[in-house]
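Chemist: So that we are looking at the same thing, I have put the structure below in structure tokens.
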Amino acid sequence: MTTSETRKASGPGAPGSVVDARALARARRRASLARFWRSYRAHRGGLWGLGLLIVFAVVAVTAPLLAGADSQSVTDAEGGPLEGPSGRFPLGTDQFGRSVLALLVYGSRISLTVGLLAAFLCVAIGTVVGIVAGHFRGWYATVLMRITDWFLVMPTLVLAIALATVMSRSMWTVIIAIGVTTWPTTARLVRAQTLSVESRPYIERARALGGGHGHVMVRHVLPNVMPLVLAQTTMIISSAILTEATLAFLGLSDPTITSWGGMLQDAREAGAVSAGDWWYLAPPGIAIAAVALAFTLCGRAVESVLNPKLGVRS
């Protein structure tokens with residue numbers, strides 16, 4: 001084989017070079033994840049938050065095993081109305097005689113699901129709007145950012161209540177109401193990061209080599225804004241869970257499902273506030289505060305790792 005044939009066989013288009021490139025990419029990803037984890041472990045608050053989230057996730061996944069499949073049924077309730085804590089019911093019962101602890105376990109499923117999905121929808125909308133507005137600029141960006149500003153100055157909770165009132169009462173209504181009203185902050189942050197990325201020299205080289213708008217936004221801009229999006233997501237999840245609890249407490253969620261906010265609404269309607277039945281009110285409120293705090297701690301740790309200039313240590 002001649003020298004030219006050897007170079008051709010080992011060139012960029014050879015199968016072996018493709019395999020080597022993929023292996024190198026995987027090795028870099030593993031090294032990057034290892035560096036991320038080493039930096040994350042330096043944040044004690046982030047570790048506490050992560051541990052608490054793991055506990056909540058395990059409880060949500062294993063809810064039928066921990067609480068029983070029929071624990072939400074009113075007809076199969078085994079206790080009396082509003083019984084206090086006892087060995088049989090560690091957190092007492094509700095007005096139908098159901099175990100508050102079992103309802104708390106099942107409520108983690110809905111609250112976490114709504115928070116995660118609503119945050120994903122919010123971040124997806126904000127990321128698309130921010131990248132498009134930062135890339136195209138011109139009148140496209142002007143229109144998008146004026147819409148963003150309108151959503152930004154409007155009270156988020158009022159808009160969410162209005163949407164949840166107009167639409168049918170279901171879990172998906174709450175998710176949509178939260179997602180379409182909380183994206184402007186993400187859009188603003190992503191647009192600023194997009195403008196910063198597109199001012200770098202390699203973007204000009206990509207355009208000079210024939211890269212179109214889609215290539216630049218997907219292959220160059222999006223990977224560079226993803227760290228910011230990841231940190232923003234962890235922060236938004238906690239606010240989404242709080243908003244879901246607020247909408248459920250106002251009676252705007254599906255009454256057939258059990259959530260922590262719905263438990264507070266049921267406790268209010270049952271007169272637990274005036275009767276002093278703390279075992280019905282305190283557990284869902286503490287659970288909401290704990291999961292919101294856990295996501296906030298994780299978000300601050302992730303943000304500090306991805307942006308070392310912040311210098312946050314917790």
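According to the UniProt record's numbering, the sequence shown is numbered sequentially starting from 1. Ideal Cβ placement from N, Cα and C applies to all residues, glycine included. Predicted model only: the values in this text are computed from it and were never measured.
Give the straight-line distance between the Cα atoms of residue 110 and residue 127, rounded to the nearest whole angstrom.
Modeler: What you label residue 110 is simply residue 110 of the sequence shown in a count that begins at 1. What you label residue 127 is simply residue 127 of the sequence shown in a count that begins at 1. Cα to Cα, the separation comes out at about 25 Å.
Chemist: Distance check for residue 92 and residue 150, CA to CA, integer angstroms please.
Modeler: Position 150 of the sequence shown, counted from the start, is the residue given in the question as residue 150. Position 92 of the sequence shown, counted from the start, is the residue given in the question as residue 92. Cα to Cα, the separation comes out at about 46 Å.
Chemist: Report the option in 243, 193, 122 whose CA atom is closest to the CA atom of residue 184.
Modeler: Position 184 of the sequence shown holds residue 184. It is 122.
Chemist: I think residue 301 touches residue 79, with their Cβ atoms under 8 Å apart; what is that distance to the nearest whole Å?
Modeler: For the purposes of this step, residue 301 is taken as the residue at position 301 of the sequence shown. For the purposes of this step, residue 79 is taken as the residue at position 79 of the sequence shown. Their Cβ separation, rounded to whole angstroms, is 41 Å, which puts residue 301 and residue 79 out of contact at 8 Å.
Chemist: Is residue 304 helix, strand or coil by DSSP?
Modeler: Within the sequence shown, residue 304 is the residue found at index 304, counting from 1. It is helical.
Chemist: Is there contact between the segment 35–53 and the segment 244–256, where contact requires at least three CB pairs shorter than 8 Å?
Modeler: No, the segment 35–53 does not touch the segment 244–256.
Chemist: If you run the structure through DSSP and keep just helix, strand and coil, what is residue 10?
Modeler: The count along the sequence shown starts at 1 and reaches residue 10 at position 10. Here the model assigns residue 10 a pLDDT of 46, short of 50, so the residue's position is not dependable, and the following value carries that caveat. Of the three classes helix, strand and coil, the one that applies to residue 10 here is coil, per DSSP.
Chemist: If contacts are defined as beta-carbon pairs under 8 Å, then residue 270 and residue 72 qualify, I think. What distance do you get, rounded to the angstrom?
Modeler: Here the question's residue 270 lines up with position 270 in the sequence shown. Here the question's residue 72 lines up with position 72 in the sequence shown. Actually they are not in contact, since the Cβ atoms of residue 270 and residue 72 sit about 16 Å apart, beyond 8 Å.
Chemist: Taking the continuous alpha helix (DSSP H) assigned at residue 80, which residues delimit it?
Modeler: Mapped onto the sequence shown, residue 80 falls at position 80. Careful: residue 80 lies outside any alpha helix (DSSP H) and carries neither H nor E.
Chemist: Leaving out five residues on either side along the sequence, give the residues of the same chain with a beta carbon under 8 Å from the beta carbon of residue 171.
Modeler: Taking the first residue of the sequence shown as position 1, residue 171 is located at position 171. Only 110, 113, 114, 253, 254, 257 meet the Cβ criterion.
Chemist: Counting Cβ pairs, one atom from each stretch, are 3 or more of them under 8 Å apart for the segment 142–149 and the segment 194–213?
Modeler: The answer is no - the segment 194–213 does not touch the segment 142–149, with fewer than three Cβ pairs under 8 Å.
Chemist: Below 8 Å on the Cβ atoms is my contact criterion, and I expect residue 134 with residue 194 to pass it. Report the Cβ-Cβ distance as a whole number of Å.
Modeler: What you label residue 134 is simply residue 134 of the sequence shown in a count that begins at 1. What you label residue 194 is simply residue 194 of the sequence shown in a count that begins at 1. Between residue 194 and residue 134 the Cβ distance is about 3 Å, and since that is below 8 Å, they are a contact.
Chemist: From what residue to what residue does the alpha helix (DSSP H) around residue 201 run?
Modeler: Along the sequence shown, one-based indexing puts residue 201 at 201. First-last of the alpha helix (DSSP H) with residue 201: 201–208.
Chemist: Relative to the C-alpha of residue 125, which candidate in 221, 218, 181 has its C-alpha closest?
Modeler: To locate residue 125, count along the sequence shown from 1; it is residue 125. Of the candidates 221, 218, 181, the one whose C-alpha sits nearest the C-alpha of residue 125 is 181.
Chemist: Tell me which same chain residues have a C-beta within less than 8 Å of the C-beta of residue 213, skipping the five on either side of it?
Modeler: The residue labelled residue 213 in the question sits at position 213 within the sequence shown. Cβ neighbours of residue 213 beyond the five flanking positions: 135, 136.
Chemist: Got a sec? Which residues, its chain only, sit under 8 Å from residue 107 by beta carbon, not counting five neighbours each side?
Modeler: Taking the first residue of the sequence shown as 1, we reach residue 107 at position 107. Contacts found: 258, 259, 260, 262, 263, 284, 287.
Chemist: Tell me whether residue 44 is buried or exposed, calling it buried when 16 or more other Cβ atoms sit within 10 Å of its Cβ.
Modeler: Mapped onto the sequence shown, residue 44 falls at position 44. Answer is exposed; the Cβ neighbour count stays below 16.
Chemist: The alpha helix (DSSP H) that contains residue 56, what's its start and end?
Modeler: Position 56 of the sequence shown, counted from the start, is the residue given in the question as residue 56. Residues 44–61.
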